[in-house]
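Residue numbers (UniProt numbering): 1 to 397.
Don't be surprised by glycine CBs; every beta carbon is placed ideally from N, CA and C.
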């Protein structure tokens, strides 16, 4: 057996290695350490025996014996320190894991808070969503009337052309109209919003009496959507809807059956982290069901109490940065940067990230743009929110 110092060092090297790596996994177990200590002690004893039998004087033999004992004691202390360090590292790992769980929980709570703020306008003193709330949770659209005007043949006429024709045949000053807005739509049409039904009827009569090749119609409104915050991810959609009905609707609104409830409720989409224990349900409902659910402020789903809010988030395209459509349906040929507002590159390619942001949407229409694209106070976003809320059928909400 090799009794050189290098062999002793090699016996100690696994301990050193384990000290460096125990923060990830336990490299050296206690039985292994005990085995190495016994081996080192045996080798030291052999060194002492050889020294005793050899041609050394008493002082040399005593010196070797004392050195061997010191080595054995040092190895024992090293093992004790290793065990202590290992326990501390385990404690540190447990603390880190606990902090990670707390951080994930904080992220989930933050996401829920943001969802509530986005869906209600809370936290923004002058936000549009805050101004159109009714009470605490109700969104109240402006009580306006609208008229949709379309060309008889939409394939040969654009919305811009329709808008030009309408502005020629209708004189608001002569008809004493109170027009709140005029916007273009698909199929070559425009929608005119007026203060009263009487104003809307004047617009209809003017169009119908003209020989402009236009026709009028009632704008079709969309069903409202609600955000249900913190729904347990472990539940299936069917279980969630069953609980919403049984725990929130059945006893309080006897006129709504389970069949009619399920017919009027549709899952739009979910939001939140995929691995989170809870997510947010965005559901599309009829005006009647919406009133029944949102009047409670919270929905009880199994063992969970979930805040419920009107969903008022407007879609923004991350290709052209405009509101009202998603990137997958965008017709713009070029990208617009969400930071500098320029056309021709994406945010990831922007070379002006150190400069102050400019709103891409407001830049396009030559409006004040000294704010971030999508900012809560962005005029374009407020207009989009205004149009979105007033395009929904809240049935007198």
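Cα-Cα separation, residue i to residue j
i           : j           : result
residue 88  : residue 360 : 53 Å
residue 58  : residue 48  : 12 Å
residue 307 : residue 390 : 23 Å
residue 119 : residue 170 : Residue placement at residue 119 is flagged as unreliable, the pLDDT there being 48, under the threshold of 50; the coordinate-derived value follows with that caveat. Straight-line Cα distance between these residues: approximately 38 Å.
residue 150 : residue 211 : 13 Å
residue 276 : residue 263 : 29 Å
residue 382 : residue 363 : 15 Å
residue 287 : residue 245 : 16 Å
residue 65  : residue 84  : 29 Å
residue 303 : residue 386 : 36 Å
residue 52  : residue 42  : 15 Å
residue 337 : residue 371 : 13 Å
residue 270 : residue 279 : 7 Å
residue 348 : residue 254 : 54 Å
residue 380 : residue 90  : 54 Å
residue 374 : residue 388 : 15 Å
residue 73  : residue 31  : 18 Å
Where the alpha helix (DSSP H) through residue i begins and ends
i           : result
residue 390 : 379-390
residue 45  : 30-53
residue 172 : 172-175
residue 166 : 159-169
residue 354 : Careful: residue 354 lies outside any alpha helix (DSSP H) and carries neither H nor E.
residue 216 : Run containing residue 216: none in the alpha helix (DSSP H); it sits in the beta strand (DSSP E), 214-217.
residue 346 : Element bounds for residue 346: n/a, residue is neither H nor E.
residue 183 : Counting along the chain, residue 183 falls outside any alpha helix (DSSP H), though it belongs to the beta strand (DSSP E) covering 179-184.
DSSP bridge partner residues for residue i (one or two, in chain order)
i           : result
residue 278 : 232
residue 249 : None; residue 249 has no bridge partner.
residue 98  : DSSP, once it has assigned bridges, lists no residue as partnering residue 98.
residue 400 : This structure cannot speak to residue 400, because the chain is shown only from 1 to 397.
residue 269 : 282
residue 90  : Looking at the DSSP assignment, residue 90 forms no beta bridge with any residue, so it has no partner.
Option nearest residue i by Cα separation, candidates the options
i           : options               : result
residue 228 : 298, 214, 93 and 174  : 298
residue 332 : 341, 338, 321 and 339 : 321
residue 223 : 69, 392 and 277       : 392
residue 231 : 163, 61 and 305       : 305
residue 267 : 236, 66 and 187       : 236
residue 218 : 234, 353, 194 and 323 : 194
residue 148 : 164, 168, 158 and 185 : 185
residue 343 : 349, 335 and 189      : 335
residue 175 : 312, 162 and 201      : 201
residue 166 : 281, 328, 213 and 81  : 213
residue 178 : 161, 203, 274 and 352 : 203
residue 250 : 357, 233 and 300      : 300
Closer than 7 Å: residue i CB and nearest the ligand ADP heavy atom
i           : result
residue 200 : The model on display carries no ligand, and the ligand ADP is accordingly not part of it.
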